[in-house]
Each structure stands twice: as C-alpha cells, then as structure tokens.
Amino acid sequence: MRAYADTGLLCSLYAPDAHTAAAAARMGAATEALPITWLHQLELRNALRLRVFRREITTVQKEASLNLFLADLAGGVLVGASPELADVTREAERLSASFSERLGVRSLDILHVAAALVLGAEEFWTFDDRQAALAKACGLRLG
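In this text, residue positions in the sequence shown follow our numbering: the first is -10, and each later residue adds one.
Quick look at the structure:
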C-alpha cells in the first residue's frame, strides 16, 4: 500500500485536535513511510502558525509539533518526496477542469491529489469530504 496523507491529517497527527485519534490510528496501520512534499512542509508550518494565531495552541506547542514532525522525517516515518512540479501542475489543471465544477474542491486539495497521483499513490488519507470525493473519483482508495 502506498499511501499519501493530506496536510490536514498530518496537522491533526502533530497538533492535537478532534481528529488526532483517527490520524494516529491511520499512522499506526501504515506499512510504509508517508511521502512528504514541499506542499506538506509549507502547509503544515502555516497551519500550525494559524493555530497559534487562533489561540488553539501556544507557540511552545507549535514548536513541539514541528519538532515531532521533523523527528519523524529524520527517523523514516515520513520520507521526503519531490514530484516534478510541472507534472503536478499539469495534473492539477486536468483535475480542476474535470472535477471542480462538480465537486467544489479547492486548489490546495487539488494539488495534494495531483501530487498523490504523480507519486503513484494507491491510497489517500484525508478528513476533508470534498478532497476525499476527488481522490475517490481519481481512483484512489480512501484510508
């Protein structure tokens, strides 16, 4: 099983929220390292900063979350992945043209599904209903 997790799931894994238990269960069942792209890196850091802004976590908690994320990256739980940007953007445009008007998916959601497809993922992990619908429409199993 080659899985791809969206940033929302990763954020729940590293900074406790309503989905943390489900995110941890999915990670516990993983048989391979999850790919992490530049998009994950940017979006996770920004999501944690937004949680500080919203007073959902403290700056100390944000730093601890980032350190856990980096430790998992260094330890092989997560693995850096660099899909060709041109391939991802081409696939994202195709997905947008094919599904946005019907499913109402956002650009970042499309980029994650496009990256998953370019990387050859078979399964997609998300808590976002629209993103899940897009992944399923593209033939990815939902985890």
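Glycine is no exception: its CB is placed at the ideal position from the N, C-alpha and C atoms. Since we're looking at a predicted model, the values are computed, not measured.
CB-CB length for residue i against residue j, believed under 8 angstroms
i, j, result
"A124", "F113", "4 angstroms"
"D(-5)", "Q120", "6 angstroms"
"P24", "A70", "4 angstroms"
"A110", "R(-9)", "5 angstroms"
"L129", "E32", "In fact, because the Cβ distance is near 19 angstroms, the residues do not count as touching under 8 angstroms."
Same chain, Cβ closer than 6 angstroms to residue i, neighbours up to 5 away in sequence not counted
i, result
"I99", "A81, L84, S85"
"T9", "S1"
"I46", "A4, R40"
"T26", "A70, A104"
DSSP state of residue i mapped onto helix, strand, coil
i, result
"V68", "strand"
"F88", "helix"
"A81", "helix"
"L131", "strand"
"A(-8)", "strand"
"F113", "strand"
"L57", "helix"
"G133", "Only positions -10 to 132 of the chain appear in this structure, which leaves residue 133 out of reach."
"A108", "Just to set this straight, residue 108 is Leu in the shown sequence, not Ala. Three-state result, L108: coil."
Own chain residues within Cβ distance below 8 angstroms of residue i, not counting five before or after
i, result
"R38", "K51"
"L131", "E112, F113, W114, T115, A121, A124, K125"
"L67", "A22, L23, P24, I25, F58, D61"
Alpha-carbon spacing of residue i relative to residue j, whole angstroms
i, j, result
"M16", "F116", "14 angstroms"
"P72", "V107", "7 angstroms"
"A12", "A60", "17 angstroms"
"F58", "H29", "11 angstroms"
"A75", "E21", "26 angstroms"
"N56", "A4", "11 angstroms"
"E90", "H101", "18 angstroms"
"G65", "L(-1)", "15 angstroms"
"A36", "R43", "10 angstroms"
"A14", "T48", "26 angstroms"
Any chain D beta carbon closer than 9 angstroms to residue i
i, result
"T9", "Structure shown: chain D not included; a single protein chain is present."
Nonlocal neighbours in the same chain, by C-beta distance under 7 angstroms from residue i, ignoring five residues either side
i, result
"F88", "V94, L123, A126"
"A19", "A(-8)"
- Message: Please give the ranges of any beta strand (DSSP E) in the segment 2 to 53, keeping only runs that are unbroken, at least 3 residues long and fully inside the region.
- Response: 23 to 25
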